[in-house]
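Here's the structure, in structure tokens; my notes come after.
Protein chains in written order, with the numbering used here: chain A, 1 to 631; chain B, 632 to 789.
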């Protein structure tokens, strides 16, 4: 059913709002990638079966005609706290159940849906306190949800629920109450900066594309090629609230006079592709996408282009080349994408999160947007908080929040060991240390210390992580992903990798450190695209912040974190050995032998013959006294 | 030509032999066959009007395309930063040894498994993860790898 006028849109929205209000109880089962992996779809199916078996009316979709009281059952987007999934939220109470299994469904229906009582054992607990309300849980309590406000709260597969939640109101305003110039000046005034890495103001890009008045075709392209390892924010938006991003793209199209849009999605995100396909199909049915949107005379068509596994396609000109089915190799600029982008036409290229911000700015105004965040860095930023930390997941905080607040308050601090470093911005970013923890996280402050927000991956590392090995890891990644166009990137990165491999094997020399710095500088200066220019950042930042670890590897032939196998050995501490001999029996290399030294109880203390040791570590867990360690 | 021409024609027709859809065409062929046979690429190149070097250039550029047959179970072991920090190396090693593959020789001799190392599958909250034909397995350990491979082999023999 196509919506053909503004009045009809209002009527349709009111109808769905009514239908939603009539669902007195709602069960929101998280169907983000994380919870699906933990089995949430089985939970969803079990709920459906169990509710129907009891003769309860289950409303999976919002029906066009409001019906009487029934239980709403929905697949929601990512709640962010993937580690404790599958997550189930119950409304109107706002309760969150964690690690829900299919066999828990019956009890939830009995107690909560019919009896209005929480199931105590499924609630989140921390430090002896039980949290019923999702919003009270420390992980959620300290976040500000703007982009992610619908994620986990509405059915991710339903445009009807998006409409009922106030979705496409911004599009309505942009179509009927604003001129394209007014839209652009609102975005410009909000200083919305590209969330994909560079932080370039979106309003500027839009006005440059809009200025090409003579161009017969223009494109709106969304970069959903979230390739940074350790980042999954855009994935969650595409899966959890696809219409919010689509709304931003349509508004960009109206503002710039573009009628065609492409979403470029990473191959590794099959679920995001599926949800986007569903979203586009239903939007076309309602006349939200297509010709003459809501009878306004404006048109916008949206297509999906699936990536094929190349990190460099996150770069603008490589991405557009890939949509054109060419090798994704960056080209020299100018001409810039805004002048000659996709199919050589003027193109707006922003990432998922940037478009997902647009509807909020248009609906609430740029002045409202400017109340969040810090000067010149307004709004919020989503981060993927992962690594050696107690609470991992997807978070959203105002720009300018400190790393300390994110890691120790929202993330709950280290999972084990002490804090050593946080890697931010993926392969183009850097490793920050303790002294940077109070830095406000925004585009400008990070640039000043040689890191970038990038797309927003935060990987927390403790003292069991070797920084030289991390640098080696990123060089390995960049070597694999270099497109090979520029000699410096193609040859320089493998050179750096081989030096780093030498160092981690204990074969490094002191002059290697200078060599690394020199090659890094050349790669940085002489490579064409963002990948090459920033690929050496992980090495440069670890060399700067953790030079002592490099020196320990090179000069002392020692890996302080005990990670680099060639530089560590396994030892039995004689004072803790009780002479039980379990390690000796389990040693596949027959490297453990009984010495003449005796324990206080007269048993023979064991020792490892380092020449025979295979380094398999089989002896470590079998020791009842934890006397065997890697040093 | 060895490859099923009917299937190729069906896919080509879906995209109206449009050379701008070459990547999508190859993705659909790979979905059917789990790899891109040489004769299929040459056929597609002719049909959509690009040179052989162009289609091979694109096919070899992107990491997801394979010119060699893949195993029935394609296992991707994530070595993204979050998984790496949570010790994905051990998971990768276990996958290799359990399936009889190596980082360089990714296919098992029985044609059952292909083990690949990938960077970030977007499930960092559950690190370290691996996927079997796109189904995610969370918080992997070498012990869990053993159980997984044994169960896949058992399902195959049953």
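C-beta: ideal position from N, C-alpha, C; glycine also. In this text the structure is predicted, and so the values were computed from the model without any measurement.
{"Check": "What residues match up with residue 374 (chain A) in a beta bridge as DSSP calls it?", "Outcome": "A:377"}
{"Check": "Quick check: the region 498–508 of chain A against the region 549–565 of chain A, are there 3 or more CB pairs under 8 Å?", "Outcome": "yes"}
{"Check": "Could you please tell me which residues of the region 388–399 of chain A, in chain order, have their CB closer than 7 Å to any CB of chain B?", "Outcome": "388, 392, 393"}
{"Check": "Give a yes or no on whether the C-beta atoms belonging to residue 687 (chain B) and residue 672 (chain B) are separated by under 9 Å.", "Outcome": "yes"}
{"Check": "Compare the C-beta of residue 335 (chain A) against all C-beta atoms of chain B and say whether one is closer than 9 Å.", "Outcome": "no"}
{"Check": "Taking the Cβ atom as the reference point for each residue, do residue 397 (chain A) and residue 371 (chain A) lie within a distance shorter than 9 Å?", "Outcome": "no"}
{"Check": "Terminal residues of the continuous alpha helix (DSSP H) containing residue 105 (chain A)?", "Outcome": "105–108"}
{"Check": "Leaving aside the five residues before and after residue 132 (chain A) along the sequence, list all residues of the same chain whose C-beta is less than 7 Å from its C-beta, in chain order.", "Outcome": "95, 118, 123"}
{"Check": "Give the DSSP-derived three-state secondary structure of residue 503 (chain A) in the structure shown.", "Outcome": "helix"}
{"Check": "Could you run through the region 458–484 of chain A and flag, in chain order, every residue whose CB is less than 7 Å away from some CB of chain B?", "Outcome": "459, 461, 465, 473, 477"}
{"Check": "Run through DSSP, which three-state label would residue 461 (chain A) get?", "Outcome": "strand"}
{"Check": "Taking 8 Å as the threshold, find out whether the region 419–427 of chain A comes into contact with the region 453–471 of chain A through three or more Cβ pairs.", "Outcome": "yes"}
{"Check": "Tell me, please, which residues DSSP counts as bridged to residue 629 (chain A).", "Outcome": "A:571"}
{"Check": "Are there three or more Cβ pairs, one per stretch, closer than 8 Å when the region 728–747 of chain B is compared with the region 3–21 of chain A?", "Outcome": "no"}
{"Check": "Taking beta-carbon pairs under 7 Å, can you tell me which members of the region 263–284 of chain A lie near chain B?", "Outcome": "267, 268, 269, 270"}
{"Check": "With three or more C-beta pairs closer than 8 Å as the rule, is the region 22–38 of chain A touching the region 80–87 of chain A?", "Outcome": "yes"}
{"Check": "Could you run through the region 321–349 of chain A and flag, in chain order, every residue whose CB is less than 9 Å away from some CB of chain B?", "Outcome": "322, 323, 324, 325, 326, 327, 328, 329, 343"}
{"Check": "Taking only three categories from DSSP, how would you classify residue 739 (chain B)?", "Outcome": "coil"}
{"Check": "Kindly indicate if chain E contains any beta-carbon less than 9 Å away from that of residue 196 (chain A).", "Outcome": "Checking the listed chains, one finds no chain E in this structure; the protein chains it contains are A and B."}
{"Check": "If the criterion is Cβ atoms closer than 9 Å, does the pair residue 339 (chain A) and residue 212 (chain A) meet it?", "Outcome": "yes"}
{"Check": "Residue 308 (chain A) touches chain B at which residues, Cβ-Cβ below 7 Å?", "Outcome": "654, 658, 693, 695, 696"}
{"Check": "Name the chain A residues whose beta carbon is nearer than 8 Å to that of residue 765 (chain B)?", "Outcome": "270"}
{"Check": "Which residues of the region 214–244 of chain A have a Cβ closer than 8 Å to any Cβ of chain B? Give them in chain order.", "Outcome": "226, 227, 228, 229, 230, 231, 232, 235"}
{"Check": "Using the C-alpha atoms, what's the distance from residue 329 (chain A) back to residue 677 (chain B)?", "Outcome": "24 Å"}
{"Check": "So the candidates are A:439, A:351, A:266, A:335; which of them puts its Cα closest to the Cα of residue 344 (chain A)?", "Outcome": "A:335"}
{"Check": "Check the Cβ-Cβ distances between residue 355 (chain A) and every residue of chain B, and say whether any is below 9 Å.", "Outcome": "no"}
{"Check": "Where do the ends of the beta strand (DSSP E) carrying residue 256 (chain A) lie?", "Outcome": "Not the beta strand (DSSP E): residue 256 (chain A) falls in the alpha helix (DSSP H), residues 242–256."}
{"Check": "Quick check on DSSP: helix, strand or coil for residue 470 (chain A)?", "Outcome": "helix"}
{"Check": "Does the Cβ of residue 158 (chain A) have 16 or more other Cβ atoms within 10 Å, making it buried, or fewer, making it exposed?", "Outcome": "buried"}
{"Check": "Anything in the region 743–765 of chain B with a Cβ closer than 8 Å to a Cβ of chain A? List those residues in chain order, please.", "Outcome": "749, 750, 751, 752, 753, 754, 755, 756, 757, 758, 760, 765"}
{"Check": "Quick check: the region 239–258 of chain A against the region 355–362 of chain A, are at least 3 beta-carbon pairs closer than 8 Å?", "Outcome": "yes"}
{"Check": "Would you check if there are 3 or more beta carbon pairs closer than 8 Å linking the region 601–608 of chain A to the region 569–577 of chain A?", "Outcome": "yes"}
{"Check": "Which residues of the region 416–443 of chain A have a Cβ closer than 8 Å to any Cβ of chain B? Give them in chain order.", "Outcome": "423, 426"}
{"Check": "Please classify residue 535 (chain A) as buried or exposed, where buried requires at least 16 other C-beta atoms within 10 Å of its C-beta.", "Outcome": "buried"}
{"Check": "If you follow the beta strand (DSSP E) that residue 606 (chain A) is in, where does it begin and where does it stop?", "Outcome": "604–608"}
{"Check": "Could you say if the region 131–149 of chain A and the region 31–42 of chain A meet the contact criterion of at least three C-beta pairs nearer than 8 Å?", "Outcome": "no"}
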